[in-house]
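Asker:
Numbering (UniProt numbering), first residue to last: 1 to 440.
#1: Would you identify the three-state DSSP class for residue 35, choosing helix, strand or coil?
#2: Ordered along the chain, which non-local residues of its own chain (more than five positions away) have a Cβ less than 7 angstroms from that of residue 336?
#3: For residue 351, count neighbouring C-beta atoms within 10 Å of its own C-beta (all shown protein chains included) and say buried if the count is 16 or more, exposed if not.
#4: For my contact list, residue 215 and residue 157 are in at a C-beta cut-off of 8 angstroms; report their separation, rounded to the angstrom.
#5: Please classify residue 338: does DSSP put it in a helix, a strand, or coil?
#6: To the nearest angstrom, how far is it from the Cα of residue 438 to the Cα of residue 406?
#7: Taking the beta carbon of residue 205 as the centre, do at least 16 other beta carbons fall within 10 Å, making it buried, or is it exposed?
#8: Look up residue 317 in the DSSP assignment and give the residues it is bridged to.
#9: Report all residues from its chain with a CB closer than 7 angstroms to the CB of residue 451; omit the five preceding and five following residues, and keep chain order.
#10: Where does residue 11 fall in DSSP's three states?
#11: How many angstroms separate the CA atom of residue 435 from the CA atom of residue 4?
#12: Using DSSP with H/G/I as helix, E/B as strand and the rest coil, what is residue 129?
#13: In the structure shown, what three-state DSSP assignment does residue 203 receive?
#14: Any idea if residue 319 is buried or exposed, counting beta-carbon neighbours within 10 angstroms, 16 or more meaning buried?
#15: Check each candidate in 219, 241 and 384 and name the one with the smallest Cα separation from residue 289.
#16: DSSP has residue 175 in a bridge; who is on the other side?
#17: Residue 355 lies in the beta strand (DSSP E); which residues open and close that run?
#18: Find out if the Cβ-Cβ distance for the pair residue 341, residue 325 is shorter than 8 angstroms.
#19: Considering only the beta carbon of each residue, do residue 175 and residue 207 sit closer than 8 angstroms?
#20: Please tell me whether residue 243 has its Cβ less than 8 angstroms away from any Cβ of chain C.
#21: Rounding to the nearest angstrom, what Cα-Cα distance links residue 233 and residue 170 in this structure?
#22: What number of angstroms, rounded off, separates the C-alpha of residue 333 from the C-alpha of residue 402?
#23: How about the segment 81-89 and the segment 362-375: do they share at least three Cβ pairs that are nearer than 8 angstroms?
#24: Just how far apart, CA to CA, sit residue 228 and residue 164?
#25: Beta-carbon within less than 6 angstroms of residue 151's beta-carbon, same chain only, minus the 5 sequence neighbours each way: which residues are those?
#26: Using only CA atoms, which one of 219, 124 and 95 lies nearest to residue 105?
#27: What residue range is occupied by the uninterrupted beta strand (DSSP E) comprising residue 243?
#28: According to DSSP, is residue 404 helix, strand or coil?
#29: Below 8 angstroms between beta carbons: does that hold for residue 394 and residue 80?
#30: What residue range does the beta strand (DSSP E) around residue 146 cover?
#31: Could you tell me which residues DSSP pairs with residue 114 in its beta bridges?
#32: My output table needs one value for residue 291: the three-state DSSP class, helix, strand or coil.
#33: Is it true that the CB of residue 379 sits closer than 8 angstroms to the CB of residue 141?
#34: If you compare alpha carbons, which of 230, 299 and 235 is closest to residue 275?
#35: In this structure, does DSSP put residue 3 in helix, strand or coil?
#36: If I'm right that residue 355 touches residue 338 with Cβ under 8 angstroms, what's the distance once you round it to whole angstroms?
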């Protein structure tokens, strides 16, 4: 640029009118910048809250899925202490129900694992039973009937109560058989220390109708911890073990429609039904479990057993060769082979075995160190058994668990605001022109 051009531009700048700026330009700029940052912070908090809330409402455990609704996992982890409750958000039908002591009230809680691998908790009152899961995973039968899909309780005509006697479901999940304990529970003595009552009374064995909640008494008989039941595949017959310790035990088959006894055989206290699926798929025989160390009304920690096949046509009992350790439960039939689970009383560990001809195939179905759990029978019979291990989502939490997260986020946001948000404004203020001066 030449000297002459430079001088001409300088003269033009001196005669040009000055730029008119409003007096509150800098204050308006600061307010605009503050509004933008506040709006951006609020939007970020809303997005974070939405992301945290969606897994709870949508029954999803992203990153923890066990392979699909019909896939059983190799292992199931414990719930978090803050795990969402079933009352707040039902997740049925479920794959699995099991009990845990990992709860905030230090009492036993029922853990429900849904078909989407979501976790929910049901807190139990002291002495309350966990209940029995229906084969389709939709109902939990306890003192009353709980619909796991809707969360509604269907009151039965009389609450079901029998300590350690778990109800047994029919294969179609429409009915169940249960025991109502009629024992007094307390012996009453007179002034001369004479016993005034017999606390031991025969119990009612009832059929529970799911659709109506009504109970129908099938028979009245003695029961104890050895009581077990199994429906035939068509649901028309029920096999049961009746009796009490010190008395004669009986194996019976009852007609569901009439309550008539079709089979009534004496057995000893070391024989009991092998489990809720003890009836063979064709209904021709029933599996018994023979305790080799003690009777089934007792709890010996070193129990071993083998299966006995009871032919219902000729009443003959034949012993199977395979020996097992623990407490048995024949829970399903898979491709014509019995599916057996055994629980070690001492360690509360579980073994799942498929008894194929000539061998016992072990299956991985571990439940967080809490025995075998109560699996939906339909999945045991028709689902896949090779799913990956699952664990609960930490975001599927009860509402109060989000409070510390929100408070922590607010504190962090305030700190960031004070640490980084105010600095540009303070720098701008220090460089802004004083009132009455033109900006340079």
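For glycine and all other residues, C-beta sits at the position ideal for the given N, C-alpha and C.
Answerer: This is what the structure gives:
#1: For the purposes of this step, residue 35 is taken as residue 35 along the chain shown, with counting starting at 1. When DSSP states are grouped into helix, strand and coil, residue 35 belongs to the helix group.
#2: Here residue 336 is taken as the residue at index 336 of the chain shown, counted from 1. Cβ within range, chain order: 281.
#3: Counting from one through the chain shown, the residue named residue 351 turns up at place 351. It is buried - the Cβ of residue 351 has at least 16 other Cβ atoms within 10 Å.
#4: As a working mapping, residue 215 is identified with position 215 in the chain shown. As a working mapping, residue 157 is identified with position 157 in the chain shown. About 5 angstroms separates the two Cβ atoms, so the contact holds.
#5: Here residue 338 corresponds to residue number 338 of the chain shown, with the count starting at 1. Here DSSP, grouped into helix, strand and coil, assigns residue 338 to strand.
#6: Numbered from 1 along the chain shown, position 438 holds the residue referred to as residue 438. Numbered from 1 along the chain shown, position 406 holds the residue referred to as residue 406. Low confidence applies here, because residue 438 scores a pLDDT of 49, under 50, leaving its location unreliable; read the following figure in that light. Each residue's Cα considered, the two are about 46 angstroms apart.
#7: Within the chain shown, the letter at position 205 stands for residue 205. Per the 10 Å Cβ criterion, buried.
#8: As a position in the chain shown, residue 317 is number 317, starting the count at 1. Its beta-bridge partners are 310.
#9: Here the chain comprises residues numbered 1 to 440, so residue 451 is not present and cannot be evaluated.
#10: Against the chain shown, residue 11 aligns to sequence position 11. If DSSP states are grouped into helix, strand and coil, residue 11 belongs with the helices.
#11: Within the chain shown, numbered from 1, the residue matching residue 435 stands at position 435. Within the chain shown, numbered from 1, the residue matching residue 4 stands at position 4. Reliability fails at residue 435, whose pLDDT of 48 lies under 50, so the model's placement of it is uncertain and the value that follows must be treated cautiously. Near 37 angstroms, if we compare the C-alpha coordinates of residue 4 and residue 435.
#12: Position 129 of the chain shown, counted from the start, is the residue given in the question as residue 129. Coil.
#13: Locating residue 203 in the chain shown gives position 203, counting from the first residue. The answer is strand: DSSP assigns residue 203 an E or B state.
#14: Reading the chain shown from its first residue, position 319 is the one you call residue 319. The residue is exposed, with fewer than 16 neighbouring Cβ atoms inside 10 Å.
#15: The residue labelled residue 289 in the question sits at position 289 within the chain shown. The alpha carbon of residue 289 has as its nearest neighbour, out of 219, 241 and 384, the alpha carbon of 241.
#16: Along the chain shown, one-based indexing puts residue 175 at 175. According to DSSP, which records beta bridges pairwise, residue 175 is partnered with 209.
#17: The residue you call residue 355 lines up with position 355 of the chain shown. Its beta strand (DSSP E) spans residues 350-356.
#18: Counting from one through the chain shown, the residue named residue 341 turns up at place 341. Counting from one through the chain shown, the residue named residue 325 turns up at place 325. In this structure, residue 325 does not lie closer than 8 angstroms to residue 341 by Cβ.
#19: Along the chain shown, one-based indexing puts residue 175 at 175. Along the chain shown, one-based indexing puts residue 207 at 207. Yes, Cβ-Cβ distance for residue 175 and residue 207 is below 8 angstroms.
#20: The structure shown has no chain C; it contains just one protein chain.
#21: To locate residue 233, count along the chain shown from 1; it is residue 233. To locate residue 170, count along the chain shown from 1; it is residue 170. Between residue 233 and residue 170, the alpha-carbon positions lie close to 8 angstroms from each other.
#22: As a working mapping, residue 333 is identified with position 333 in the chain shown. As a working mapping, residue 402 is identified with position 402 in the chain shown. Rounded to the nearest angstrom, the two C-alpha atoms are 44 angstroms apart.
#23: No, the segment 81-89 does not touch the segment 362-375.
#24: In the chain shown, the residue the question calls residue 228 occupies position 228. In the chain shown, the residue the question calls residue 164 occupies position 164. One C-alpha to the other measures close to 11 angstroms.
#25: In the chain shown, the residue the question calls residue 151 occupies position 151. So the list reads 90, once near-sequence residues are dropped.
#26: To locate residue 105, count along the chain shown from 1; it is residue 105. Looking from the CA of residue 105, the closest CA among 219, 124 and 95 belongs to 124.
#27: Working through the chain shown from its first residue, we reach residue 243 at position 243. Neither: residue 243 is in no beta strand (DSSP E) and is coded neither H nor E.
#28: Within the chain shown, the letter at position 404 stands for residue 404. It is helical.
#29: Stepping through the chain shown from its first residue, residue 394 is reached at position 394. Stepping through the chain shown from its first residue, residue 80 is reached at position 80. Judged by beta-carbon spacing, residue 80 lies within the 8 angstroms limit of residue 394, meaning their Cβ atoms are closer than that value.
#30: Your numbering for residue 146 matches position 146 in the chain shown. In this chain, the beta strand (DSSP E) harbouring residue 146 covers 145-147.
#31: In the chain shown, the residue the question calls residue 114 occupies position 114. According to DSSP, residue 114 bridges with 94.
#32: Residue 291 sits at position 291 when you count from the first residue of the chain shown. Here residue 291 sits in strand by DSSP.
#33: As a working note, residue 141 is residue 141 in the chain shown. As a working note, residue 379 is residue 379 in the chain shown. No, the pair does not count as a contact, with Cβ atoms beyond the cut-off.
#34: Locating residue 275 in the chain shown gives position 275, counting from the first residue. Residue 275 has its Cα closest to that of 230, out of 230, 299 and 235.
#35: As a working note, residue 3 is residue 3 in the chain shown. Here residue 3 sits in helix by DSSP.
#36: Position 355 of the chain shown holds residue 355. Position 338 of the chain shown holds residue 338. The Cβ separation is near 5 angstroms, so the contact holds.
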